[in-house]
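Before any comments, here is the structure.
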Amino acid sequence: MTATHATLVIGATGTTGSRTTAQLVAAGHRVRAASRHAAPVPGAEPVVFDWYDPATHADALEGADRMYVIPPVGDTGPAVVMEPFLRRARALGVRRAVLLSSSAVPEGGAGVGAVHQTLPDLFEQWAVLRPSWFMQNFTGTHMHADSIREDGTIWSATADGRVGFVDAEDIAAAAVHALTDEHAPGTDLVLTGPETLSYDDIAEIATEVTGRPVVHRRVSHEEMRDRFERLMPSEFASMLAAMDHAIAQGAEDRVTDTVQRLTGRPAGTFRALLEREMHRSR
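So, in structure tokens, the structure goes:
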């Protein structure tokens with residue numbers, strides 16, 4: 009990357025986008041931090057970007073030769089707005105694209121899976137990050153974190169299902185390597201933490217670390233869908249509830265060494281994340 013080129017980070021104020029931006033800036037890279045309101049981001053150049061407003065796209069892409077692409081949140085058919093933007097980005101000189109997807113969404117699958125399928129045809133240098141569920145769902149602004157803070161409860165339809173929860177800091181570290189290493193991965197990368205945990209395990213660890221009782225309330229798939237529908241459109245709520253059901257069936261019971269291979273260090277544990285958060289809050 010030359011001094012005149014930049015990395016465009018879409019969703020630069022979000023869970024992985026903010027961390028990716030911070031890590032790129034810390035490593036000395038020029039970053040264009042894209043968000044709907046061009047929110048200030050330390051060390052980066054804030055730019056306006058709205059998936060649903062094509063008038064913002066060209067300005068956001070100015071000077072960028074690579075980009076970290078986060079799909080529009082809550083859109084069950086993001087390819088409609090994403091693919092025209094990706095084609096425009098390629099035409100304007102973006103050579104490398106790293107797409108954030110999900111371990112639950114294979115290439116060609118529903119939602120962002122369709123974008124995953126087209127990415128190699130658009131960019132010679134590319135990667136798709138497919139992280140498992142975020143550990144920050146239990147500490148940030150997710151409904152699980154909210155319910156933990158409100159009454160010490162985690163609601164899910166995951167039953168005894170286990171998940172290789174991953175720290176967003178590790179997702180960002182993987183993104184930075186995929187964006188800046190001499191050679192792009194040219195594949196999809198499933199990212200997990202170092203162990204699989206059930207939601208019962210999450211509640212137990214949270215109780216031990218915080219000293220505040222946290223319990224996992226098991227509900228049916230239908231009850232979980234109804235809870236999601238209070239916060240989001242019904243189609244997206246149904247998709248998330250189906251993912252809970254898939255977890256219950258064992259779909260996310262796996263661990264990969266991708267974080268270690270990309271970054272050279274082990275993926276962080278959920279306990280370590282909570283201890284870090286507790287230290288920061290003191």
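Take the sequence shown: its position 51, counting from 1, is numbered 59 in the working numbering, and each next residue is one higher. Note that CB positions come from ideal geometry on N, CA and C, so glycine has one too. Every value quoted in this text rests on a predicted model; they were computed, and no experiment measured them.
Give every residue of the same chain whose Cβ lies closer than 8 Å to the Cβ of L239, excluding the five residues on either side of it in the sequence, and list them in chain order. M151, A245
Buried versus exposed, by CB contacts within 10 Å (16 or more), V81: Exposed, by the Cβ-count rule.
When you compare the CB positions of L127 and L100, do they come within less than 8 Å of one another, or not? Cβ atoms of L127 and L100: not closer than 8 Å.
Just to confirm my understanding: we take A176, look at its own chain, exclude 5 residues before and 5 after, and list those with CB closer than 6 Å. What are they? T23, T24, R27, F142, Q144
Cβ neighbour criterion (16 or more within 10 Å) applied to V88: exposed
Out of A167, G19, A30, L197, which one is the CA nearest neighbour of H45? G19
DSSP three-state assignment for H37, whether helix, strand or coil: For H37, the secondary structure class from DSSP, reduced to helix, strand or coil, is coil.
Starting from A112 and walking both ways along the beta strand (DSSP E), at which residues does that stretch end? Counting along the chain, A112 falls outside any beta strand (DSSP E), and DSSP gives it neither H nor E.
Based on the DSSP output, what are the partners of Q133 in its beta bridges? Q133 has R104 as its beta-bridge partners, per DSSP.
For D129 and M251, the rounded distance between their alpha carbons: Taking the Cα positions, M251 is about 29 Å away from D129.
Cβ contact (3+ pairs, closer than 8 Å) linking the region 269-278 and the region 173-187: Yes: at least three Cβ pairs fall under 8 Å.
When the distance is taken between beta carbons, is A41 closer than 8 Å to E53? yes
What residue ranges within the region 22-79 form continuous alpha helix (DSSP H) runs of no fewer than 4 residues, ordered along the chain? 23-34, 65-69
Helix, strand or coil at R279 [DSSP, three-state]: helix
Within 10 Å of its beta-carbon, does A11 have 16 or more other beta-carbons around it, so buried, or fewer, so exposed? Because A11 carries a pLDDT of 49, less than 50, the predicted location of this residue cannot be relied on, and no value is offered for it.
Three-pair Cβ contact test at 8 Å for the region 148-166 versus the region 185-194: With a cut-off of 8 Å, the region 185-194 and the region 148-166 do not count as touching, because too few Cβ pairs lie within range.
Let me know if E132 comes out buried or exposed under the rule of 16 or more other beta-carbons within 10 Å of its beta-carbon. exposed
Buried or exposed by the 16-neighbour rule on C-beta atoms within 10 Å, applied to A97: buried
Along the chain, where does the alpha helix (DSSP H) containing S164 start, and where does it finish? Run containing S164: none in the alpha helix (DSSP H); it sits in the beta strand (DSSP E), 161-164.
Beta strand (DSSP E) containing H229: first to last residue? Unbroken run through H229 is the alpha helix (DSSP H), 229-237; no beta strand (DSSP E).
Close beta carbons around R38, own chain, < 6 Å, minus the five adjacent residues each side: A14
Rounded distance between the beta-carbons of G119 and P92, thought under 8 Å: About 17 Å; that fails the 8 Å criterion.
Taking only three categories from DSSP, how would you classify T10? Caution is warranted here: a pLDDT of 43 is assigned to T10, below 50, making its placement in the model unreliable, and the coordinate value is therefore given only provisionally. Correct three-state label for T10: coil.
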